[in-house]
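Asker: Before I ask anything, let me first share the structure, which is written out below as structure tokens.
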Amino acid sequence: MTTLQNKRIVMGITGGIAAYKTIELIRLLRKAGAEVRTVLTPAAAEFVTPLTLQAISGNPVSQSLLDPQAELAMGHIELAKWAELVVIAPASADFIARLNVGMANDLLATLCLATSAPIFLAPAMNQQMYAQSVTQHNIQSLQQRGIQLIGPNSGEQACGDVGLGRMSEPQEIFSALLQHFSVTQDLVGLNVAITAGPTQEAIDPVRYISNHSSGKMGFAIAAAFAQRGAKVTLISGPVNLATPHQVTRIDVLSAQEMWQIALESAVKNHIFIACAAVADYRVAEVAAQKIKKSGDEMQLRLVKNPDIVSDVGHLAENRPFTVGFAAETQQVEQYAQDKLARKKLDMICANDVSNGQVFGAEQNALMLFWPQGSASLAKTTKTQLAIQLVNKIVERYKAK
Ligand code: PMT
661 MTTLQNKRIV
671 MGITGGIAAY
681 KTIELIRLLR
691 KAGAEVRTVL
701 TPAAAEFVTP
711 LTLQAISGNP
721 VSQSLLDPQA
731 ELAMGHIELA
741 KWAELVVIAP
751 ASADFIARLN
761 VGMANDLLAT
771 LCLATSAPIF
781 LAPAMNQQMY
791 AQSVTQHNIQ
801 SLQQRGIQLI
811 GPNSGEQACG
821 DVGLGRMSEP
831 QEIFSALLQH
841 FSVTQDLVGL
851 NVAITAGPTQ
861 EAIDPVRYIS
871 NHSSGKMGFA
881 IAAAFAQRGA
891 KVTLISGPVN
901 LATPHQVTRI
911 DVLSAQEMWQ
921 IALESAVKNH
931 IFIACAAVAD
941 YRVAEVAAQK
951 IKKSGDEMQL
961 RLVKNPDIVS
971 DVGHLAENRP
981 FTVGFAAETQ
991 QVEQYAQDKL
1001 ARKKLDMICA
1011 NDVSNGQVFG
1021 AEQNALMLFW
1031 PQGSASLAKT
1041 TKTQLAIQLV
1051 NKIVERYKAK
């Protein structure tokens, strides 16, 4: 029996060229044993026909809120209650905006308001539309309400642009849904603290030293733990990301602030994960006023910041299972092993950042080392990677 046997899935399709890929997604879902009912927005019906979708899904396709025949067969509220999961692929910018403000001006939006089932969105739109602050705002606010995002991917788009906004491939969406149904709340009672993002070290009231960490990797780890029922505290530097569902977030700016909160949290948690890219040095004397331009050169004196994960690793009492990261551009394994020993860690996750494609990127690969062994996790989205990493951390934590 497959994991999706008899699962009741409402497949929402909105207007976008990627709608043709959804036919393959429905095929995969049905092959895995799911029952699929498709809901089309008026714009989606311009891209794929109800007849095709009916044949592939094996069920009538719903299109209109005001269709007496359809309401007789399965009314929209009934459909909302029937669903164990709603997935919208492609999810257009327009639909995402309507969903965010709670509109109910077509069948699919109404159904999303009326359902208590988890909702997944696979966005698909032009890269510029995706990057717009209003779209990002809508997505973040939906994520805060627990709506989950699959993708989008980066690459060449139907319009000829290249960038982030391509709908995830049917197989990727299918895997994410499969993952959702196989997740169990097996980590209830486990407390996890995670640092994420960059730190900012002030130079004067308007300038600072920082790095390119976006927080994506750390936030994905927090989400993966929370989905399995763990109590997660996320200590984040300045990033532009929504707080994952069911995660407690504490925002900090500097390494010293992060150190203070992290040390307080670490002793209250079973697992501590240092994913943040913490500044190793800070400016010795932060200027009280904006520094004025003067000579051709200027010098800043830097002093060492406390090493957060090392201090946690060396705790004499209430020491949590401690996991660090190592971002290296050369001799990755050697430097990672050195940090594992020197910082007294239980595990280290090594990132090869020599190609400049890890900080801020959507995808990553990791090599894991612990005192008696190692493993590698192949390149995939940070969301998927985090799920695999959490499995490995929990396995090592239990072994210890
Ligand atoms: O945020 P993203 O854009 O998704 O990118 C993810 C990431 C590349 C930032 C992340 O995967 C990562 O590798 N984080 C660690 C980056 C880093 O600063 O590595 P490091 O080798 O300099 O530090 C080693 C370890 O010590 C890390 O766990 C770091 O959090 C910790 N550290 C470092 C300095 C310091 N003062 N305190 C610390 O706790």
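So the sequence shown is numbered by our numbering: it starts at 661 and just counts up by one. All residues carry an ideal CB built from backbone N, CA and C; glycine is no exception. All of these numbers come straight from a predicted model, not from anything done at the bench.
Going by C-alpha to C-alpha distance, which of I686, A753, Q817 sits closest to S793?
Answerer: Of the listed residues, the one whose Cα sits closest to S793 is A753.
Asker: Verify the contact flag: S752, CB atom, against every heavy atom of the ligand MG, threshold strictly below 7 angstroms.
Answerer: Among the ligands present in this structure, namely the ligand PMT, the ligand MG is not found.
Asker: Taking 7 angstroms as the cut-off, is the beta-carbon of V912 closer than that to any non-hydrogen atom of the ligand PMT?
Answerer: no
Asker: Measuring only from the beta carbon, is N765 closer than 7 angstroms to any heavy atom that is part of the ligand PMT?
Answerer: no
Asker: Touching or not, the region 986–994 and the region 963–971, by the rule of three or more beta carbon pairs under 8 angstroms?
Answerer: No, the region 986–994 is not in contact with the region 963–971.
Asker: Run through DSSP, which three-state label would N1051 get?
Answerer: helix
Asker: For P966, verify whether its CB is less than 7 angstroms away from any heavy atom of the ligand PMT.
Answerer: yes
Asker: Is K741 near the ligand PMT - that is, is its Cβ less than 7 angstroms away from at least one heavy atom of it?
Answerer: no
Asker: Could you spell out where the alpha helix (DSSP H) holding Q1023 opens and where it closes?
Answerer: Q1023 -> not in any alpha helix (DSSP H); beta strand (DSSP E) instead, spanning 1023–1030.
Asker: Answer yes if the region 805–825 comes into contact with the region 892–899, meaning at least three C-beta pairs across the two stretches below 8 angstroms, and no otherwise.
Answerer: no
Asker: Alpha carbon to alpha carbon, how far is V1018 from V1054?
Answerer: 24 angstroms
Asker: In the DSSP assignment, find the unbroken alpha helix (DSSP H) run with A753 in it and report its ends.
Answerer: 753–761
Asker: Given 7 angstroms as the limit, tell me if A818 has its C-beta closer than that to any heavy atom belonging to the ligand PMT.
Answerer: no
Asker: Expressed to the nearest angstrom, what Euclidean distance is found between the alpha-carbon atoms of D766 and L745?
Answerer: 19 angstroms
Asker: Note down the Cα distance separating A675 from G735, rounded to an integer number of angstroms.
Answerer: The question names Ala, but residue 675 is Gly in the sequence shown. Each residue's alpha carbon lies about 23 angstroms from the other.
Asker: Considering T775, what are the terminal residues of the alpha helix (DSSP H) in which it resides?
Answerer: First-last for T775: undefined, no H or E at that position.
Asker: Can you list, in chain order, the residues of its chain whose CB lies under 6 angstroms from that of K1039, leaving out five sequence neighbours each side?
Answerer: Q1023, A1025
Asker: Quick one: measure Cβ to Cβ for Q808 and P778, integer angstroms, because I've assumed they're closer than 8 angstroms.
Answerer: 7 angstroms
Asker: Would you give the residue range spanned by the alpha helix (DSSP H) that I669 belongs to?
Answerer: That residue, I669, is in no alpha helix (DSSP H); its beta strand (DSSP E) goes 668–673.
Asker: Any idea which residues DSSP pairs Y790 with across the strands?
Answerer: According to DSSP, which records beta bridges pairwise, Y790 is partnered with nothing at all.
Asker: Judging by CA-CA distance, which residue of G815, K891, D998 is the nearest neighbour of N786?
Answerer: G815
Asker: Using the Cα positions of N719 and L711, report the straight-line distance between them to the nearest angstrom.
Answerer: 10 angstroms
Asker: Indicate, with yes or no, if the ligand PMT has a heavy atom lying under 7 angstroms from the CB of M785.
Answerer: no
Asker: Any heavy atom of the ligand PMT within a distance shorter than 7 angstroms of the CB on K876?
Answerer: yes
Asker: Does DSSP put T698 in a helix, in a strand, or in coil?
Answerer: strand
Asker: Check this for me: beta carbons of T770 and L837, under 8 angstroms apart or not?
Answerer: no
Asker: On the three-pair Cβ rule with 8 angstroms, is the region 791–806 touching the region 996–1008?
Answerer: no
Asker: Classify N1011 as helix, strand or coil using the three-state DSSP reduction.
Answerer: strand
Asker: Roughly how many angstroms separate the alpha carbons of T698 and K741, rounded to a whole number?
Answerer: In this model, T698 and K741 are separated by some 14 angstroms (Cα to Cα).
Asker: I'd like to know whether the C-beta atoms of I881 and C935 end up nearer to each other than 8 angstroms.
Answerer: yes
Asker: Can you tell me the Cβ-Cβ gap for F981 and H930, rounded? I've got them flagged as a contact below 8 angstroms.
Answerer: 6 angstroms
Asker: When burial is assigned at 16 or more other CB atoms within 10 Å of the CB, is R805 buried or exposed?
Answerer: So R805 counts as exposed.
Asker: If you measure between the beta carbons of L913 and V943, is that distance less than 8 angstroms?
Answerer: no
Asker: Compute the beta-carbon to beta-carbon distance between V852 and I933, rounded to the nearest angstrom, for a pair I have assumed lies under 8 angstroms.
Answerer: That belief holds up - the Cβ atoms of V852 and I933 are roughly 7 angstroms apart, short of 8 angstroms.
Asker: Are three or more beta carbon pairs between the region 1029–1048 and the region 845–862 nearer than 8 angstroms?
Answerer: no
Asker: Tell me whether T855 sits in a helix, a strand or coil according to DSSP, three-state version.
Answerer: strand
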